[in-house]
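Structure record follows, encoded as structure tokens.
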Amino acid sequence: MVAQSLIFLHVLQLLCLTSSLALLPSPPKRAATITASSTTLQDAMVVNTQIGEMRSAWHHLWEAFPNMHLPSQKDGPTTEKESFDHYYQSVQDLANVEIPRSDGGTLLAYQASGGDSNKVVLLIHEFFGLSQSICDKADALAQDLQCTVIAPDTFRGESSTFIPKCIWLALSTPQDRVNRDLDAVLAWYHQKENKNPAPPSVAVMGFCYGGGKAIRYTTECQPQAATVICYGSPLIDVNALRRLEKPVCGIFGATDVQFPPPVLTAFELALQAAPVPDYSLTVYPCVGHAFWKDMEQVERKQEPQYSAYQQVVTFLKQHL
């Protein structure tokens, strides 16, 4: 019964997504080419991102099917119940802390503690919202890094596997609101949870939607924090990147249609021009967007998910 309901739901999603994409502006006939000699990297990035958003919308449709993946994603067996539970837990069920916001409201978050209270990683979810997958990643990172990991609900109570809604949530959540919420998390943690009088050492990490929000937060509000972007929107703004005092680690898939090679080339050129110290940009072959789905892939030592996780842990051990 669950399987039939899921199939019906996602066929409906496909129809709605087709309608929503039809309302988007038509892209240029040819994507902009970004080269080392280009003087309009930002303009070219905007064009590529607009095209990528439309392509990514179709790509993400597969992410909403619990037991279906792109050919490059080779997961192990998953039971019907496990898939249903994994995708359909509410933010209220997952969150274990409530954090006061600057506007008087409350921000929900999942906190995982692993040891040193003076080191904290802010982990930003993908466009599905706070999920069990993100909480599992927070638990693993907290244990392996012996630090605190906090995954805030930047959609403020919303989460979904209904793709048009996911796209809407991502596009309608402004960076300045995310910045205020992340600032509130750090202020709360330093005041209530941190046993050290000194401010904690901070890293900010995000997946997909969260990766783009992460690097914009560190450049705008926390330049002293290390940044990890897992297939999130790169920042092609040399002046903004120049503010960073800590390195950036970027992880992408070679067949990601949202962030194709010209976009990643532009990102690396901007990191070099800033320059961002000791940055790391890795493009894993034969995988596309959102290839690191959950921690079960890492536990099975599935590649390249296992290597990507080890890379993140090594990077954060050095720079957190």
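For the sequence shown, numbering that gives the first Met the number 0 begins at 0 and goes up steadily by one.
The C-beta atom is built at its ideal place from N, Cα and C for all residues, glycine as well.
Predicted model, so just to flag it, every value in this text is computed and none were measured.
| query | How is the alpha helix (DSSP H) around Lys118 delimited, first residue to last? | reply | First-last for Lys118: Asp115 to Ile123, but that is the beta strand (DSSP E), not the alpha helix (DSSP H).
| query | Which partner residues does Glu320 have in the DSSP bridge list? | reply | This structure cannot settle anything about residue 320, because the visible part of the chain is limited to 0 through 319.
| message | With a threshold of 8 Å on Cβ separation, who are the neighbours of Thr78 within its own chain once the five nearest residues in sequence on each side are excluded? | response | With a pLDDT of 46 at Thr78, under the threshold of 50, the modelled position of this residue cannot be trusted; read the value that follows with caution. The answer is none, since no qualifying residue turns up.
| request: Using alpha carbons as the reference points, say which of Asn195, Lys194, Glu192 and Val184 lies closest to Val203. | output: Val184
| query | In the DSSP assignment, what residue or residues form a beta bridge with Pro151? | reply | Ala108
| query | What number of angstroms, rounded off, separates the C-alpha of Asn117 from the C-alpha of Val247? | reply | 21 Å
| query | Going by other Cβ atoms of all chains shown within 10 Å of its Cβ, with 16 needed for buried, is Leu170 buried or exposed? | reply | exposed
| message | Using the three-state DSSP reduction, which class does Thr226 fall into: helix, strand or coil? | response | strand
| task | Would you kindly check if the distance between the Cβ of Ala269 and the Cβ of Ile214 is under 8 Å? | result | no
| Under a three-way DSSP split, which group does Thr254 fall into? | coil
| message | Please list the terminal residues of the continuous alpha helix (DSSP H) segment that includes Phe266. | response | Pro260 to Ala272
| task | Tell me Phe127's beta-bridge partners as DSSP assigns them. | result | Phe127 pairs with nothing; no bridge assigned.
| Per DSSP, what kind of secondary structure is Tyr278 in: helix, strand or coil? | coil
| Is it true that the segment 152–166 meets the segment 125–144, where meeting means three or more beta-carbon pairs spaced less than 8 Å apart? | yes
| request: Could you work out which residue in Leu106, Pro259, Ser306 and Ala94 is closest to Ala186 when comparing CA atoms only? | output: Leu106
| request: Could you give the DSSP three-state label for Ser171: helix, strand or coil? | output: coil
| How should Gly205 be labelled, buried or exposed, when 16 other C-beta atoms within 10 angstroms of its C-beta is the threshold for buried? | buried
| task | Helix, strand or coil for Val203, going by three-state DSSP, please let me know. | result | strand
| request: Taking all protein chains shown into account, decide if Thr226 is buried (16 or more other Cβ within 10 angstroms of its Cβ) or exposed. | output: buried
| task | Take Gln174 and list the residues in its own chain whose beta-carbon comes closer than 7 Å to its own, dropping the five residues that flank it on each side. | result | Lys212 and Arg215
| Hey, would you say Leu263 sits closer than 8 Å to Pro303, going by beta carbons? | no
| message | In the DSSP assignment, the alpha helix (DSSP H) including Glu244 goes from what residue to what residue? | response | Per DSSP, Glu244 belongs to no alpha helix (DSSP H) and is neither H nor E.
| message | Based on DSSP bridge pairs, tell me the residues matched to Tyr283. | response | Gly252
| task | With a threshold of 7 Å, establish whether the CB of Tyr278 neighbours any heavy atom of the ligand NAD. | result | Looking at this structure, you won't find the ligand NAD or any other ligand, since it has none at all.
| message | Just to confirm, is the Cβ distance from Ala150 to Leu168 under 8 Å? | response | no
| query | Does the beta-carbon of Cys146 have 16 or more other beta-carbons within 10 angstroms, so that it is buried, or is it exposed? | reply | buried
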